[in-house]
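Each number in this note's numbering corresponds to the 1-based position in the sequence shown with 228 added.
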Amino acid sequence: MISAAAYAFYVNRDINKKYEERSKFWTNYLKNHFEAKWRARKRKSSGFPFLEKKLTHAYAQWNRYHYYMYKLTGEKGYHDEAAKMAQVIKNGVKTVNSSLGQAAIWDHGMPHFGGKSHGPQPVNYARYTIQAMADLHFEGFSVYAEPGFMEKVANTVSAFVLKKAPSALADKIDGSGSSSISIYGISPFATMSLWDQSGLVKTITQQIYHNIESNTSNPRRVYMPTGFIMSTMKK
Numbered sequence: 229m230i231s232a233a234a235y236a237f238y239v240n241r242d243i244n245k246k247y248e249e250r251s252k253f254w255t256n257y258l259k260n261h262f263e264a265k266w267r268a269r270k271r272k273s274s275g276f277p278f279l280e281k282k283l284t285h286a287y288a289q290w291n292r293y294h295y296y297m298y299k300l301t302g303e304k305g306y307h308d309e310a311a312k313m314a315q316v317i318k319n320g321v322k323t324v325n326s327s328l329g330q331a332a333i334w335d336h337g338m339p340h341f342g343g344k345s346h347g348p349q350p351v352n353y354a355r356y357t358i359q360a361m362a363d364l365h366f367e368g369f370s371v372y373a374e375p376g377f378m379e380k381v382a383n384t385v386s387a388f389v390l391k392k393a394p395s396a397l398a399d400k401i402d403g404s405g406s407s408s409i410s411i412y413g414i415s416p417f418a419t420m421s422l423w424d425q426s427g428l429v430k431t432i433t434q435q436i437y438h439n440i441e442s443n444t445s446n447p448r449r450v451y452m453p454t455g456f457i458m459s460t461m462k463k
């Protein structure tokens, strides 16, 4: 998400003047070009929402956009919209029991928000949802930082997504179906090791890493090593 990258440049602006220039460039682009285009198309010159997509992964990433635009511009409208969107995401998350405790399940299509039900979200899309949830948790933002929220999401990964690992992943976040294990290498699931009390995410990530990373001296699959780092952050 460009707004998150622009904010990363902003917070590091004192390190290199070019970072500040890039932050200003991308903030201006998002506000005065990207947004302006969509506002014109939707005939929404001001206020929110000016664009919506009722799929959970897209909506969660769009939640990130509004949060980081608030951080970049200081405009309260972005913050209020981001807070509203976070609550919409929370309202679509259902708590279910798993072998490892309470887990989180959500519909791919956001029927609770007027979208069409598509059933439990496919893993290939859930990786974008979970990445947004984790990112906004680390920002201490809204529902994502509430006690127990990320622990339930982590249990979804360990109990359901990794149900058939290390040979395969589930196809959907309720553990049904099968999908290629190669998806794991380009997904943020390993970062759930920070909240996974069972230790399964870390253990299975190690197994998958050794199975699919052919060049360990020059690894290309950065998500899994990142997950190892995350596991060391546990208190």
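Where is the CB? At the ideal position from N, CA and C, for every residue including glycine. Values in this document were obtained by computation on a predicted structure and should not be read as measured data.
Measuring alpha carbon to alpha carbon, tell me which of Ser395, Lys400 and Thr419 ends up nearest Ile440.
On the sequence shown, position 212 is the one that residue 440 refers to. Of Ser395, Lys400 and Thr419, the residue nearest in Cα terms is Ser395.
Given a cut-off of 8 angstroms on the beta-carbon distance, is the pair Phe278 and Val316 in contact?
Within the sequence shown, numbered from 1, the residue matching residue 278 stands at position 50. Within the sequence shown, numbered from 1, the residue matching residue 316 stands at position 88. For Phe278 and Val316, no; Cβs fall outside 8 angstroms.
Can you confirm whether the stretch 426-435 touches the stretch 446-455 when touching is taken to mean that 3 or more C-beta pairs between the two stretches lie within less than 8 angstroms?
yes
Does Asn256 come out as helix, strand or coil in the three-state DSSP assignment?
The residue given as residue 256 occupies position 28 in the sequence shown. If DSSP states are grouped into helix, strand and coil, Asn256 belongs with the helices.
Segment contact flag, the stretch 319-334 with the stretch 293-311, C-beta cutoff 8 angstroms, min 3 pairs
no
Look up Trp334 in the DSSP assignment and say whether it is helix, strand or coil.
Sequence index remark: in the sequence shown, residue 334 carries index 106 (1-based). The answer is strand: DSSP assigns Trp334 an E or B state.
Does DSSP put Gly320 in a helix, in a strand, or in coil?
Looking up residue 320 in the sequence shown gives position 92. Three-state DSSP puts Gly320 in a helix.
Buried versus exposed, by CB contacts within 10 Å (16 or more), Asp424
In the sequence shown, the residue the question calls residue 424 occupies position 196. Buried, since its Cβ has 16 or more Cβ neighbours within 10 Å.
Would Pro350 and Asp399 qualify as a contact pair, given that the criterion is a beta-carbon distance under 8 angstroms?
Locating residue 350 in the sequence shown gives position 122, where the first residue counts as 1. Locating residue 399 in the sequence shown gives position 171, where the first residue counts as 1. Contact flag set, yes.
Output yes or no for whether 8 angstroms exceeds the beta carbon distance between Ser459 and Leu428.
As a working mapping, residue 459 is identified with position 231 in the sequence shown. As a working mapping, residue 428 is identified with position 200 in the sequence shown. No, Cβ-Cβ distance for Ser459 and Leu428 is not below 8 angstroms.
Alpha helix (DSSP H) segments (min. 4 residues) lying fully within the stretch 412-443
428-440
Apply the 10 Å Cβ neighbour rule to Met461 and answer buried if 16 or more other Cβ atoms are within range, or exposed otherwise.
Working through the sequence shown from its first residue, we reach residue 461 at position 233. The residue in question, Met461, is exposed, as its Cβ has fewer than 16 Cβ neighbours within 10 Å.
Could you tell me how far apart the beta carbons of Val381 and Ala332 are, in whole angstroms, since I believe they sit closer than 8 angstroms?
As a first step, residue 381 is located in the sequence shown; it is residue number 153 there, counting from the start. As a first step, residue 332 is located in the sequence shown; it is residue number 104 there, counting from the start. Going by Cβ atoms, the distance from Val381 to Ala332 rounds to 5 angstroms, so yes, they are a contact pair.
For the alpha helix (DSSP H) that Phe237 lies in, which residues bound it at each end?
The residue you call residue 237 lines up with position 9 of the sequence shown. First-last of the alpha helix (DSSP H) with Phe237: Ile230 to Val239.
Does DSSP classify Lys400 as helix, strand or coil?
Here the question's residue 400 lines up with position 172 in the sequence shown. It is a strand residue.
With contact counted as at least three CB pairs below 8 angstroms, one residue from each stretch, are the stretch 349-363 and the stretch 297-309 in contact?
no
Where Pro453 falls: helix, strand or coil (DSSP):
On the sequence shown, residue 453 is found 225 positions in, with the first residue counted as 1. Note: Pro453 maps to helix in three-state DSSP.
Tell me which residues share the same chain as Pro348 and place their Cβ nearer than 8 angstroms to its Cβ, disregarding the 5 neighbours each side in the sequence.
Counted from its first residue, the sequence shown places residue 348 at position 120. Cβ within range, chain order: Ile333, Trp334, Asp335, His336, Lys400, Ile401, Asp402 and Ser404.
If you follow the alpha helix (DSSP H) that Gln289 is in, where does it begin and where does it stop?
For the purposes of this step, residue 289 is taken as residue 61 along the sequence shown, with counting starting at 1. Unbroken alpha helix (DSSP H) run through Gln289: Thr284 to Thr301.
Alpha carbon of Asn383 to alpha carbon of Arg271, nearest angstrom
As a first step, residue 383 is located in the sequence shown; it is residue number 155 there, counting from the start. As a first step, residue 271 is located in the sequence shown; it is residue number 43 there, counting from the start. Rounded to the nearest angstrom, the two C-alpha atoms are 42 angstroms apart.
Is it true that the CB of Ser231 sits closer than 8 angstroms to the CB of Tyr293?
Residue 293 sits at position 65 when you count from the first residue of the sequence shown. Residue 231 sits at position 3 when you count from the first residue of the sequence shown. Taking 8 angstroms as the Cβ cut-off, Tyr293 and Ser231 qualify as a contacting pair.
Buried or exposed for His285, please, with buried defined as at least 16 other CB atoms from any protein chain shown within 10 angstroms of its CB.
Along the sequence shown, one-based indexing puts residue 285 at 57. Its Cβ being crowded by 16 or more others within 10 Å, His285 is buried.
Phe377 and Tyr295: beta carbons closer than 8 angstroms?
Here residue 377 refers to the residue found at position 149 when the sequence shown is read from its first residue. Here residue 295 refers to the residue found at position 67 when the sequence shown is read from its first residue. No. Outside cutoff.
Excluding five sequence neighbours on each side, which residues of the same chain lie with their C-beta closer than 7 angstroms to the C-beta of Tyr298?
Here the question's residue 298 lines up with position 70 in the sequence shown. These residues qualify, in order along the chain: Tyr306, His307 and Ala310.
Give the C-beta separation of Gln289 and Tyr356 to the nearest angstrom, bearing in mind that I take them to be a contact with Cβ-Cβ under 8 angstroms.
For the purposes of this step, residue 289 is identified with residue 61 of the sequence shown, where counting begins at 1. For the purposes of this step, residue 356 is identified with residue 128 of the sequence shown, where counting begins at 1. Indeed they touch by this definition, with Cβ atoms about 6 angstroms apart.
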